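Novice:
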Amino acid sequence: MGKQGLIFAIERCSLHDGPGLRTTVFLKGCPLHCHWCHNPESQSSYPELYFLREKCTLCGSCVKACPNKCHSLSVSNHDINRVLCARCGCCVSACSNSALEIKGNPMGVEDVLAEVEKDHDFYVESGGGMTLSGGEPMMQYEFAAELLKQSKKKGFHNCIETSGFAPKERYLKIRKNVDIFLFDFKESDPERHLKYTGVDNKQILENLFELDRKGSKIILRCPIIPGLNDRKSHLEEIAKLAGKLKNIIEINVMPYHPMGKSKSGRIGKKQPHDSDSFTENEKVEKWIKFIGRRTTIPVKKG
């Protein structure tokens, strides 16, 4: 049996994860715990029960199916005891309303590539390909490396979205099979980075500069969160950092959206940054223009 990875989603026809039309493979597990995480179901390295409360009709099928008695119903509510949950999937199979899912399923390299190959013709026409995302794909390094290798053998264009927080040697080993690194730059101040993500940015910046020195193409992806890192000094640092990179293609400004908050609730967690507001387009345009006036590198909304 070949290498297996824990996958929580495969998104076809993606337009925002690298050039062209792409298939984005989302790997589970992340060493960062960003306060604003847009994919909180990606953080843990194990499968999780995902509950879509709006689809639940309180029919009681899950209660009967669960061997650990995790589910309890009242007249108007459905509670899940996640301490007791073994993530066996019995309740998922029993639910006729698709209100329950398991996020995180083991897949082999060939299984993933079979999904990726479905859109082969679109990749050729659009210059697209496969993107690995997460989570942090480098947490499943051996699987990610093999997937990129086999994808490249099939002639696909490969991107990998990364936080940059992984051993340098891993990046140097996979870079030959990566066409573009979608490299996150979340916060310029090390202490604020530690506060809002759980790690500082020293290793991240070292990996970024090392990849650039080796000639890897880079798109710098910068999540901007109102009230956390939208200050002028950080926006200025984004432009300065980009100016130091010889192989940067563009800067992507990634505005906050609140969908991560609802996703957190669906896995029984609470997101630290709990704003319900989407970032206004006018504000995003101001950030783009502010950075753009300070660099010759293209700045776009990601």
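For the sequence shown, position 43 (counting from the first letter as 1) is numbered 45 according to my numbering, and the numbering increases by one without interruption.
Cβ atoms here follow ideal geometry from the backbone N, Cα and C, with glycine treated the same way.
Computed from a predicted structure; not experimentally measured.
#1: Is the distance from the Cβ of G166 to the Cβ of N209 below 8 Å?
#2: Which residue wins for smallest C-alpha separation from R233, given the options K248, D186, I293 and S218?
#3: Buried or exposed: which applies to S76, given that a residue is buried once 16 or more other Cβ atoms fall within 10 Å of its Cβ?
#4: Keeping to the same chain, check which residues put their C-beta closer than 8 Å to that of T133; ignore five residues upstream and five downstream.
#5: Between the region 56-73 and the region 174-181, do at least 3 Cβ pairs fall closer than 8 Å?
#6: I'd like the list of long-range same chain contacts for M141, defined as Cβ closer than 6 Å, with 5 residues on each side in sequence excluded.
#7: Here's a check: name, in chain order, each residue in its chain whose Cβ is nearer than 6 Å to the Cβ of Y143, leaving out the five neighbours to either side.
#8: Sorted by chain position, which residues of the same chain lie with C-beta nearer than 6 Å to A101's C-beta, five sequence neighbours on each side aside?
#9: Please work out which residues of its chain come closer than 6 Å, Cβ to Cβ, to H37, disregarding the five sequence neighbours upstream and downstream, and give them in chain order.
#10: Taking the C-alpha atoms as reference points, what is the distance between P139 and P49?
#11: Our contact map puts P260 next to S279 with C-beta atoms below 8 Å; I'd like the distance itself, whole angstroms only.
#12: Can you list, in chain order, the stretches of the beta strand (DSSP E) that have 3 or more residues and sit fully within the region 4-33?
#13: Ignore the nearest five residues each way along the sequence and tell me which others in Q361's own chain have a CB closer than 7 Å to its CB.
#14: So T199 is in the alpha helix (DSSP H); what residue range does that whole segment cover?
#15: Taking the alpha carbon of E103 as the point to measure from, which residue in E119, R268, I250 and N83 has its own alpha carbon closest?
#16: So, at 7 Å on beta carbons, what are the nonlocal neighbours of K70 in its own chain, with the 5 sequence-adjacent residues on each side left out?
#17: Would DSSP call N83 helix, strand or coil?
#18: Is A168 near the ligand NAD - that is, is its Cβ less than 7 Å away from at least one heavy atom of it?
#19: Answer with yes or no whether the minimum CB distance from S98 to chain B is below 8 Å.
#20: Compute the distance between the beta-carbons of K272 and S266, then report whether it is under 8 Å.
#21: Are I220 and N249 touching if we call contact CB-CB under 8 Å?
#22: By DSSP's criteria, M256 is part of a beta bridge. Which residues make up the other side?
#23: Helix, strand or coil for C93 per DSSP?
#24: Since L131 contacts F158 with CB under 8 Å, what's their CB separation in whole angstroms?
#25: What is the rounded straight-line gap between the Cα of L150 and the Cα of F211?
#26: In three-state terms, what does DSSP make of C39?
#27: Just to confirm, is the Cβ distance from G110 to G4 under 8 Å?
#28: Consult DSSP for F183 and reduce its assignment to one of helix, strand or coil.
#29: According to DSSP, which residues form a beta bridge with S135?
#30: Got a sec, what are the start and stop residues for the beta strand (DSSP E) L51 sits in?
#31: With a 10 Å radius around its C-beta and 16 neighbouring C-beta atoms as the bar for buried, classify K105 as buried or exposed.
Specialist: Taking the definition as stated:
#1: yes
#2: I293
#3: exposed
#4: S16, D19, G20, R24, T25, T26, V27, N160, C161, I162, E163 and L184
#5: no
#6: G31
#7: R172
#8: L54, K57 and C58
#9: Y198, P274 and H275
#10: 16 Å
#11: 7 Å
#12: 6-16 and 24-29
#13: Lying before the first or after the last residue shown, residue 361 is absent from the chain, which here runs from 3 to 304.
#14: P192 to T199
#15: R268
#16: According to the sequence shown, residue 70 is Asn rather than Lys. Only L86, C87 and A88 meet the Cβ criterion.
#17: coil
#18: Among the components of this structure there are no ligands whatsoever, and the ligand NAD is therefore not found.
#19: No chain B appears in this structure, which consists of one protein chain only.
#20: yes
#21: yes
#22: P225
#23: helix
#24: Looking at the sequence provided, one finds Gly at residue 131 rather than Leu. About 4 Å; that satisfies the 8 Å criterion.
#25: 22 Å
#26: coil
#27: yes
#28: strand
#29: F28
#30: E50 to F53
#31: buried
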